[in-house]
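Have a look at the structure below before the remarks.
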Amino acid sequence: PTLAGLTIGIPRHGLWRDTHPSVAAPARQALAELEAAGAKLLDFDAPELHEAGERYLAGELVQPERSESLERHLPGWTAILDPTVGKRLESAHQVSAVDYIAILRLRRRLSASLHARMEALAVELLATPTLPITPPPLSALSELDVYRAVNRDMLSGTGPASMLDMCAVSLPAGLDEHGMPVGLQLIGRTGTDHGLLDRAVLAEEVLGTNLERLGTPPLAPMPR
């Protein structure tokens, strides 16, 4: 099996536009290598990804489902969560049933629209950077407002696929200007998990494993 015949859509808007240049560069280099190995790259309009990402970050779907899952599977654990995480859960019960049902309907509409366009253009996968920024040191996240802003950036890459009930995998693409790993995210249609993993294996054969692509990470001293 090869990557020949695989069409990868590159969303024109949203995450690529918002990604730091030193993060986007390794991801684009990885895509160029996949193209050289036989994949077809296609600039692709995917406004649904952007809207889904915004609604995902608004928390109307994630927060109530996360809180329900914690209360059902881990009763009592909320009280012992990290304080920063605990504060994020406080607003979960502010989402009304009407808003929750509305976001489920929006999810279905956005997903159907995006899947129809992918089908029409024979786009099997979409590709984006996994994260748009360099992961910051923990010491920079002590203030809640800063944490929330960075957390929003960190979730903006993977949130859209989750919101649309699609499947995704991240492959090592390279290192950014700070020597931190950069991921290339491949997003598949809903229910195509096995096919996506098959394609990811072929892509990894082109790009190399994490150690081959990124090298051995430096060891940081353990806190005492």
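When we follow our numbering, the leftmost residue of the sequence shown carries the number 291, and every step to the right adds one.
Ideal Cβ positions, reconstructed from N, Cα and C, are used throughout, including at glycine.
Whole-Å CB distance - residue i paired with residue j, under 8 angstroms assumed
i	j	result
glutamine 353	threonine 420	Not a contact, Cβ separation roughly 23 angstroms.
alanine 320	leucine 497	6 angstroms
leucine 396	arginine 345	7 angstroms
valine 413	glycine 299	4 angstroms
cysteine 457	aspartate 483	5 angstroms
Contacts around residue i, its chain only, beta-carbon distance under 8 angstroms, and the 5 residues preceding and following it disregarded
i	result
alanine 402	none
histidine 468	Ser312 and Thr424
tyrosine 390	Glu350, Leu351 and Pro354
leucine 411	Thr297, Gly299, Leu332 and Phe334
aspartate 308	Pro422 and Ser446
histidine 310	Pro422, Ile423, Thr424 and Asp466
proline 426	Val440
glutamate 358	none
threonine 499	Pro462
Neighbourhood of residue i by C-beta, 7 angstroms cutoff - its chain only, sequence neighbours within 5 removed
i	result
alanine 314	Trp306 and Pro419
glycine 376	Thr368
proline 337	His303
8 angstroms Cβ cutoff met for residue i and residue j
i	j	result
leucine 465	leucine 504	yes
leucine 416	isoleucine 477	yes
alanine 490	proline 316	no
phenylalanine 334	arginine 302	yes
alanine 461	glutamate 494	The question names alanine, but residue 461 is leucine in the sequence shown. Contact flag set, yes.
histidine 405	threonine 292	no
Same chain, Cβ closer than 6 angstroms to residue i, five either side skipped, listed in chain order
i	result
proline 450	Leu339, Ala342 and Gly343
glutamine 384	none
alanine 294	Gly328
arginine 407	none
TODO: Can you check the segment 303-331 for any alpha helix (DSSP H) of at least 4 residues that lies completely inside it and give the ranges in chain order?
DONE: Listed in chain order, the complete alpha helix (DSSP H) runs (minimum 4 residues) inside the segment 303-331 are 305-308 and 311-326.
Open item on the list: List, from N- to C-terminal side, the alpha helix (DSSP H) runs of 4 residues or more that fit wholly inside the segment 385-430.
Closed with: 387-410
- [ ] Give a yes or no on contact between the segment 432-448 and the segment 321-338, applying the rule of three or more CB pairs nearer than 8 angstroms.
- [x] No contact exists between the segment 432-448 and the segment 321-338.
Open item on the list: Quick check for students: name the residue ranges of the alpha helix (DSSP H) that lie wholly in the segment 427-471, counting only runs of 4 or more.
Closed with: List check, alpha helix (DSSP H) in window: 434-445 and 449-453.
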